[in-house]
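S.K.:
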Amino acid sequence: MARLILLLLVLWAGVTVSTVVDLQKRIVRGQPCNNNERQYHVKLSEDLNGDSLVCGGSLISDQWILTAAHCWGPLLFAVVGVHPGNGRSVHHLTGRPVFYFDNQNRLHDLMLLKLPAPVRIPPVALPVCNPLPTINTVQIAGHAAINTGPGNIRVLTINGTQLVFNNRIYGVNAFTGNSHYACQAPAGFVDLCGGDYLKWIRKVIDPSWIRRFLSCFSG
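In mature numbering (1 follows the signal peptide of the UniProt record, and there is no 0), the protein residues as written are -18 to -1, 1 to 201.
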C-alpha cells in the first residue's frame, strides 16, 4: 500500500527560497500526510486505472497541473484526489503539454498539463517572490509504502513533486540522485521564483492575466 509521505527539509538559517535548487541539506521526519494536507497533489500514471506511477504533480488551478517536463509521455493519465483518496478520479490527458522554453529556445524541466474539465479540489497557491521569504524549513512530499521491514523496503517517489513553504509552491523536483530511495543522494528543484517561470505559468493558466498586467502600466 502506498501513501503520500511528507518530508521536512531543513535549510541553513538565512537561506532564501531562490537557493533551494541545491538541496544537499538535512532531511528530517518522514511521515504520512494528514488528510487535510496536500490535497492538490496529483499522481501521473500510464494506465487508465491510475495504478502505475510515473511522476507527481501539483494542481495550481481548477484545471492545470504543474510538473516536470521529463515526466511527459505519449499516454498519460492524471489521478486527482489521490490524497486522502476519498475523491479519487482518473483523467486521460489528451491536450498538448505546455513546456517552458527560454529566450534561447532551451527547454527547462517544467511542464503544464490541462485536465479535460475543472475539478473541485483546492489548488496550491503560487509563490510570493518579491520579497523572497527567508526560511529554515520547507516541505516535499511523494508516494511511498507505509510498511517497512526486511521484505518491504520503504521508497519515496518525488519526481515532479513540489517544494512548499507556507502552503505555497516554490519549486518543482527536476532530478534525484537516486530515483527510488529518498535522501540517499542530492535532489534538485526548479526554482519558480527564478527567471520568467511565474510569468509563464500565469500567462498559460489565465490568458486574461497578461491583459490585466499590461493595463497596470497603461494607466
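Every residue gets a Cβ at the ideal spot worked out from N, C-alpha and C, and that includes glycine.
Please read these numbers as outputs of a predicted model, since none were measured by experiment.
Taking the straight line between their C-alpha atoms, what separation do you get for A107 and V62?
M.R.: Numbered from its first residue, the sequence shown carries residue 107 at position 125. Numbered from its first residue, the sequence shown carries residue 62 at position 80. Straight-line Cα distance between these residues: approximately 17 Å.
S.K.: Would a C-beta distance cut-off of 8 Å place K96 and W54 closer than the cut-off?
M.R.: Sequence index remark: in the sequence shown, residue 96 carries index 114 (1-based). Sequence index remark: in the sequence shown, residue 54 carries index 72 (1-based). No, these two residues do not count as a Cβ contact at 8 Å.
S.K.: DSSP beta-bridge partners for H52?
M.R.: For the purposes of this step, residue 52 is taken as residue 70 along the sequence shown, with counting starting at 1. DSSP, once it has assigned bridges, lists no residue as partnering H52.
S.K.: Do you know how far the Cα of F59 is from the Cα of T76?
M.R.: What you label residue 76 is simply residue 94 of the sequence shown in a count that begins at 1. What you label residue 59 is simply residue 77 of the sequence shown in a count that begins at 1. Distance between the alpha carbons of T76 and F59: 9 Å.
S.K.: Report the partner residues of R150 according to the DSSP bridge assignment.
M.R.: Position 168 of the sequence shown, counted from the start, is the residue given in the question as residue 150. BP columns for R150 point to A107, F147.
S.K.: Measure the C-alpha to C-alpha separation of H73 and P98 and round it to an integer number of angstroms.
M.R.: Position 91 of the sequence shown holds residue 73. Position 116 of the sequence shown holds residue 98. Each residue's alpha carbon lies about 7 Å from the other.
S.K.: Using the C-alpha atoms, what's the distance from N85 back to N148?
M.R.: Position 166 of the sequence shown, counted from the first residue, corresponds to residue 148. Position 103 of the sequence shown, counted from the first residue, corresponds to residue 85. Between N148 and N85, the C-alpha separation is close to 31 Å.
S.K.: Using only the alpha-carbon positions, how far apart do D178 and A51 sit?
M.R.: The count along the sequence shown starts at 1 and reaches residue 178 at position 196. The count along the sequence shown starts at 1 and reaches residue 51 at position 69. When rounded, the distance between both Cα atoms is 16 Å.
S.K.: Kindly indicate which residue of I183, G67, C175, L30 has the alpha-carbon position closest to the one of P115.
M.R.: Against the sequence shown, residue 115 aligns to sequence position 133. Residue C175 is the option with its Cα nearest to P115.
S.K.: Using beta-carbon positions only, say whether R150 and P104 come within less than 8 Å of one another.
M.R.: Here residue 150 corresponds to residue number 168 of the sequence shown, with the count starting at 1. Here residue 104 corresponds to residue number 122 of the sequence shown, with the count starting at 1. It is not a contact, given that the beta carbons lie outside the stated cut-off.
S.K.: Within this structure, are the beta carbons of L41 and I187 separated by less than 8 Å?
M.R.: Locating residue 41 in the sequence shown gives position 59, counting from the first residue. Locating residue 187 in the sequence shown gives position 205, counting from the first residue. Contact flag unset, no.
S.K.: With a threshold of 7 Å on Cβ separation, who are the neighbours of D91 within its own chain once the five nearest residues in sequence on each side are excluded?
M.R.: Along the sequence shown, read from residue 1 onward, the residue named residue 91 stands at position 109. Counting only Cβ-Cβ distances below 7 Å, and skipping sequence neighbours, we find A50, A51, H52, A156, V172.
S.K.: Span of the beta strand (DSSP E) holding L92?
M.R.: The residue labelled residue 92 in the question sits at position 110 within the sequence shown. Where L92 is concerned, the enclosing beta strand (DSSP E) stretches over 89 to 96.
S.K.: Any heavy atom of the ligand ADP inside 7 Å of the beta-carbon of I42?
M.R.: This structure simply doesn't include the ligand ADP, nor any ligand for that matter.
S.K.: Rounding to the nearest angstrom, what Cα-Cα distance links C111 and V64 in this structure?
M.R.: For the purposes of this step, residue 111 is identified with residue 129 of the sequence shown, where counting begins at 1. For the purposes of this step, residue 64 is identified with residue 82 of the sequence shown, where counting begins at 1. Their Cα atoms are separated by approximately 29 Å.
S.K.: In the DSSP assignment, find the unbroken alpha helix (DSSP H) run with Y82 in it and report its ends.
M.R.: By one-based count along the sequence shown, residue 82 stands at place 100. It is not in any alpha helix (DSSP H) - Y82 instead sits in the beta strand (DSSP E) that spans 80 to 83.
S.K.: Report yes if the C-beta distance between L26 and G39 is below 8 Å; otherwise report no.
M.R.: As a position in the sequence shown, residue 26 is number 44, starting the count at 1. As a position in the sequence shown, residue 39 is number 57, starting the count at 1. Going by C-beta atoms, L26 is nearer than 8 Å to G39.
S.K.: What does a CB cutoff of less than 6 Å around P100 pick up in its chain, not counting 5 residues either side in sequence?
M.R.: Stepping through the sequence shown from its first residue, residue 100 is reached at position 118. Same-chain partners within the cutoff: D44, Q45.
S.K.: Hey, would you say I183 sits closer than 8 Å to L48, going by beta carbons?
M.R.: As a working mapping, residue 183 is identified with position 201 in the sequence shown. As a working mapping, residue 48 is identified with position 66 in the sequence shown. Yes.
S.K.: Report the residue from N68, C37, D33 whose alpha carbon sits nearest the alpha carbon of V154.
M.R.: On the sequence shown, position 172 is the one that residue 154 refers to. When only C-alpha atoms are compared, the closest one is C37.
S.K.: Could you check where the alpha helix (DSSP H) with L180 kicks off and where it finishes?
M.R.: Locating residue 180 in the sequence shown gives position 198, where the first residue counts as 1. Per DSSP, L180 belongs to the alpha helix (DSSP H) from 179 to 187.
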